[in-house]
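As C-alpha cells, the structure follows; a few thoughts come after it.
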Amino acid sequence: MNVVTAPTVTYDVDRIRRDFPLLVGQEGESPTIYLDSAATSLKPACVIGAVREFYEAETANTGRGVHWLAENVTDRFEAARETIAGWINAQTREVVFVSNCTAAIRMVAEGREWPPCVLVGRSEHHSNDLPWRVRGTTVAVSVDECGAIDLDDMQRCLEAHRPALVAVTMISNALGTVQPVDAIIELAHQFGARVLVDASQAVAHRAIDVEAIGCDFLCFSGHKMCGPSGVGVLHGKENCLAELTDAGFGGGAVEEVHAEGFTAREVPWRLEPGTPNIEGVLGLAVASDYLDGVGMEAIERHVNELAADMVDRLSRLRKVSVHGPPAGQDRGAIVSFSVDGLESHAVARILSQRHRICVRSGYHCAQPLHESLGLPPTVRASLALYTTRHEVDRIVEAVEQLTAAL
Amino acid sequence: MYATLMSRVGLPLMLRPTRSRFDRHAKEIRARQFWPAERRRQWQWERLQAIVRHAATTVPFYRERLAAAGLRDGELRSWDDFERIPPTTKDDLEANFPDRMLSDVGDRSDWRWFGTRGTTRRTIVVNDFLKRDLGLAGIMVSMTEDTPYQYGHRCAFIPPDACNALCGVEGLRETSVLRQVGRMALRRSWSDPDALGDLRSLVMNNWVKRQTLLPPFGAEGSEIDDERASWYVAQLRAVRPRLLKALPEYLYGLARHVERTGDRFPPIAVIKPMGALMARPIKDYVERVLGGQVREDYGSSDMGPMAFDCRQRTGMHLFEDLCHFEVVRDGARVADGELGSLLVTELHNRAMPLIRYQIGDVVRVERSPCDCGRTTPRLFTEGRLQNALVRPDRSVLTDAAIGDYLYRQPQVSDYQLVERAGDRFELKVIPRNGDKASGLLAERVRRFIDADAPVRLREVKTIAPEGSGKFCHCKSASYAAFGA
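Chain order of the listed sequences is L and F. Counting in our numbering, the first sequence runs from 8 upward without gaps. Counting in our numbering, the second sequence runs from -5 upward without gaps.
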C-alpha cells in the first residue's frame, strides 16, 4: 500500500534568526543566548520597521481627523484589527486593543459588577489573580503536582460556589503547564459561568482559534508575540464586551456628548477611549502576519521539540530539579528548574555573567503556585521560534558545569 | 555574668566538639596586632607566596593570568613580582565564576558558597573551612576588641533591605536554635553539612552574640515618620542591647527622631555603622543624641572582616594576618596617607583565592604608630569608588569629603548629589528643620565642587534607597577617571 504523506517542510531556524536584529552578528565567541522570551520576545525587523515607519512617515491620530494622514492611519488601524481578528479567528468587532494583558483582565474585572464569586486557577499569574481578588471573593481551584488544574476540584468549586466567571491561563507562565482549557470551558459553561482565558504564554507558539476554544474572553500581550510593548488584545464575544458598561468612555469612545447626556459608540470602540498606541497596534498586526508566515504549527513543533529535549537533559543532571510536566508530557515553551543549594537569582546571574545566557529567576509573578507546590523560586528558560538546538546545548552544559562546581 | 560565662566557659565548651577554633584564632589575631611590623610582614609574605603558588597551579583563571604576567609557576621572588599581577576586578569574577575561579583541588563538600549584597553587583564567593573560621575570628575581634561589648551581651542589628532579599545562596531557614534542632531531627540530617552550618550560625547569633534583628526602614527611604521611629526605639528599649549596628542613615534617622520628639532612647554603649560610610558630622551628631560611642569596623561579604578601630578611634587597624592590602592609583602604589583604590589579597582561602581584588572602595592608609600600641596600619575609608567625583584636573572629591562639607551646612538635613553628563550637577536636599534650601546653598556647593554650570537645587522629602537597600549620597558620572 502506498502511503502519501505531506511533504516535510524543514524549519529553517537560521533563516528566522536573520530576521531578528538582536540575533544578527551573534557569531562571535560568546553570543547572547536569549531564553527569556516568556518575559518578552525579541522583535523582528519587520515589526521594528512598521513602528519606525509610523513615526517617520505616517504620524497622525486615528479615528479623528479628515486629512489624508489621519484617514490613512485610521484605515490602517482598523485593518490591523481585521488582521488580529483573522489571526485568532474572531469577529472584527470582538477585538479590543488595550495596553497589555493585565489591562485586558482589569477591563473585564472592572467593566461590570460581577457576582461575588470568581473562580481562578491556583496556577495563575498575579495579573489574572489580583484584579479579581481585590474586587471580592475569589476561590482558587487547586492544581496537581505539575501545576495542572484539578478538574474534580473545579467541579466541586463550581457546584459549591456557582461562580459568575472562571479565569484561567492557557499555559502556566511559571511551569509551562498546558491547562485543559477545553474541559474547563465545557465544565464552566455547564454551570453557567463565563470563562476568561489568559493566552499570553500560548499566543506566540500555538494557533489560537477563539471560535473553537469557545471562551467568552481571551487576552494576550503583544510584546510576548514579537510585537511592540504597550499593546495587547482583549477578545470578547460581542454580548460579553457589551456588558462591560463601566469600562471605557472618553474621547473617541462616544458618538455625541451634550450637556444632558451622551451617546456611546458601540464596542469595541467604546472600550478604547483616548488616543490608542497606534504604532503598537500597527506593529502588532505585522507581528501576527510574521508569525503566520513562519507557520504556527511549525513554531509549535519546533519549540516543543526543544523544550522536551531541555527537560530530558536537565532532569538528568545532579542537583537539578525540573518542575512542571515531566518529560514526554505536553508543555509550553517554558522549562523551569532549580539547583539544590543555590537561589534561583544566583543561578540566573551566573548563567548571564559566565555564559551570556538570559533566563528569568524568581516566582515569575506566580507566587501562590510556587507556595502551593512547595517550590522554591525557580530558574525559567523560555523558548521561541528563534531558539536553536545549540542554545539548548549551551544552557544544559552551563548548568552542568555549575553543578559540577557545587 | 552571662557574658563572662559565655566568653570563658560556654563558647570554648560549645566549640570543643566541633572543628572550629575561632576563639583561639581570635586570640592569635589580637596578639599579631602588636607584633613588630617587620615580623608580621615576613609572616604575611610567606602566606602570600603560598596562596599565589596555589592559585597559579590550581585555579584556571589565575593559571592564565599569572603566566601572562611572567609568573608561570606562581613563585614570587619579590614584592615587585607580586605587583606585576594585574588586579582582579568584579568583571573578572563575574565572567569566570564558578568553574574558572575555583581551585581544582580540595574537598568541595567542605566549601560554602556565599552570596554578597554588593552595592552595585551581587557576586558569589566560595570559602573553605579555614577561611570561614578565620572570618568568625575576625568578626569576634571587630565586635569585642577594646569595647564594652563582649560576646554574651545583647546586640541589635538593623541591616539594609537587601539583607532580607534574595542574595544568591540559600541560607538559614529557621530563626531558633531549637526549631533547627527539631528540623534536623525530623529529617535525620545530623550529618548534613549545610544543616550543621545553619545550626552553628543560629547558636552564634542567638546564644553567643545574642543578636536581635530588626527590620529595615524600607522603601520610604531615609526619612521615617515618628510613629515608626518610636517603634524602633521601643524595640531597642525592650532588648536593651549593649551594641547597636545599623545602616548609617538608619542611625541618623533615629537620632533625628529622638532629638525632635524627646523619645527615650535606651543607653547603648557601642553604636556601629554598617554597610556604608558614616560622614564625620553624622558620627558626632549620632553620638551626641543617642549617647553611645560610635565605633567602626570594615569588611565585605566577599573578603570578610578586614579592619576595626581601637579606642583611640584614629582609623581602623587592618587585619594584616587575614589579608594583604594595597592602595593604588593609576596602577601604582600611593604614598602613605594618599588617596587610592583598595586592593585586597585574601591569604587563607584555598577554595577560591582572590589576588589583588579590587574591592571598589577609595581609602587612605596610615602606617604611623597608634597610641594604642598596635603596630598594624590604619585604614581610613572615604567611600565607594563609584561615588567619587573626579574633577577635570583629576582631583577627587570622595563621598567622605562631600558628606563632611554638606552635612555641616545649616540648611541640610540630608542630601544626594547627582552628577549628570556635561559637568551638570543636581543637589537633592532634605532641608533641616523644615527650612527652605536657598539658592545660596547651590552656589556654595557649585564652588565647593568647582563646577562651571549652576548646581540645580531640588528639595525632596526623602532620599530613596538603591536596589541594594543602601543609600547613595553622591552619584558620580566621572568616577571611572579615578584611575583605580
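Glycine included, every Cβ here is placed at the ideal spot set by N, Cα and C.
If you reduce the DSSP assignment to three classes, tell me which class residue i lands in.
{"i": "F:D127", "result": "helix"}
{"i": "L:E378", "result": "helix"}
{"i": "F:L352", "result": "Reading the sequence as shown, one finds Gln at residue 352 of chain F and not Leu. It is a strand residue."}
{"i": "F:C317", "result": "strand"}
{"i": "L:I192", "result": "helix"}
{"i": "L:V80", "result": "helix"}
{"i": "F:M95", "result": "coil"}
{"i": "F:R10", "result": "coil"}
{"i": "F:V390", "result": "strand"}
{"i": "L:Q408", "result": "helix"}
{"i": "L:I215", "result": "coil"}
{"i": "F:M310", "result": "strand"}
{"i": "F:V233", "result": "helix"}
{"i": "L:D337", "result": "coil"}
{"i": "L:T99", "result": "helix"}
{"i": "L:V175", "result": "strand"}
{"i": "F:V264", "result": "strand"}
{"i": "F:Q36", "result": "helix"}
What does the Cβ neighbour count give for residue i, buried or exposed, with the cut at 16 atoms within 10 Å?
{"i": "F:D243", "result": "Looking at the sequence shown, residue 243 of chain F is not Asp but Glu. The residue in question, F:E243, is buried, as its Cβ has 16 or more Cβ neighbours within 10 Å."}
{"i": "F:T369", "result": "buried"}
{"i": "F:L172", "result": "exposed"}
{"i": "L:D26", "result": "buried"}
{"i": "L:M114", "result": "buried"}
{"i": "F:M(-5)", "result": "exposed"}
{"i": "F:K464", "result": "buried"}
{"i": "L:N246", "result": "exposed"}
{"i": "L:W276", "result": "buried"}
{"i": "F:G367", "result": "exposed"}
{"i": "L:V73", "result": "exposed"}
{"i": "F:D147", "result": "Here the sequence assigns His to residue 147 of chain F, which means Asp is not the residue at that position. By the 10 Å Cβ count, F:H147 comes out buried."}
{"i": "L:H132", "result": "buried"}
{"i": "L:Q360", "result": "buried"}
{"i": "F:S462", "result": "buried"}
Step through the CB atoms of chain F and report whether any lies within less than 9 angstroms of the CB of residue i.
{"i": "L:G234", "result": "no"}
{"i": "L:A181", "result": "no"}
{"i": "L:A411", "result": "yes"}
{"i": "L:A92", "result": "no"}
{"i": "L:R4", "result": "Because chain L here runs from 8 to 413, residue 4 of chain L falls outside it and cannot be looked at."}
{"i": "L:I40", "result": "no"}
{"i": "L:R401", "result": "no"}
{"i": "L:I357", "result": "yes"}
{"i": "L:A46", "result": "no"}
{"i": "L:Q408", "result": "yes"}
{"i": "L:A353", "result": "yes"}
Please decide whether residue i counts as near chain L, where near means a Cβ-Cβ distance under 9 angstroms.
{"i": "F:L96", "result": "yes"}
{"i": "F:G109", "result": "yes"}
{"i": "F:R102", "result": "yes"}
{"i": "F:A89", "result": "yes"}
{"i": "F:P154", "result": "no"}
{"i": "F:D93", "result": "yes"}
Please list the terminal residues of the continuous beta strand (DSSP E) segment that includes residue i.
{"i": "F:E420", "result": "418 to 425"}
{"i": "F:L248", "result": "It is not in any beta strand (DSSP E) - F:L248 instead sits in the alpha helix (DSSP H) that spans 242 to 255."}
{"i": "L:V288", "result": "Counting along the chain, L:V288 falls outside any beta strand (DSSP E), though it belongs to the alpha helix (DSSP H) covering 285 to 301."}
{"i": "F:A301", "result": "298 to 303"}
{"i": "F:Y292", "result": "291 to 294"}
{"i": "F:N121", "result": "118 to 121"}
{"i": "F:E413", "result": "406 to 414"}
How far does the alpha helix (DSSP H) with residue i in it extend, from its first residue to its last?
{"i": "F:D67", "result": "Segment: none, F:D67 is in no alpha helix (DSSP H) and carries neither H nor E."}
{"i": "F:R59", "result": "54 to 62"}
{"i": "L:A116", "result": "108 to 117"}
{"i": "L:S149", "result": "Note, L:S149: premise wrong, no alpha helix (DSSP H); not H, not E."}
Could you name the residues of the segment 364 to 386 of chain L whose beta carbon sits closer than 9 angstroms to any beta carbon of chain F, in the order they occur along the chain? S368, G369, P383, P384
If the cut-off is 9 angstroms on Cβ atoms, which residues from the segment 117 to 135 of chain F count as contacting chain L, listed in chain order? T117, I118, V120
Contact residues within the segment 145 to 163 of chain L, judged by C-beta distance below 8 angstroms to chain F: none
Against chain F: residues of the segment 326 to 350 of chain L by CB proximity under 8 angstroms: From the segment 326 to 350 of chain L, only G348, L349, E350 have a Cβ closer than 8 angstroms to chain F.
Residues, ordered as in the chain, of the segment 180 to 214 of chain F that lie near chain L by beta-carbon distance below 9 angstroms: Answer in chain order: D188.
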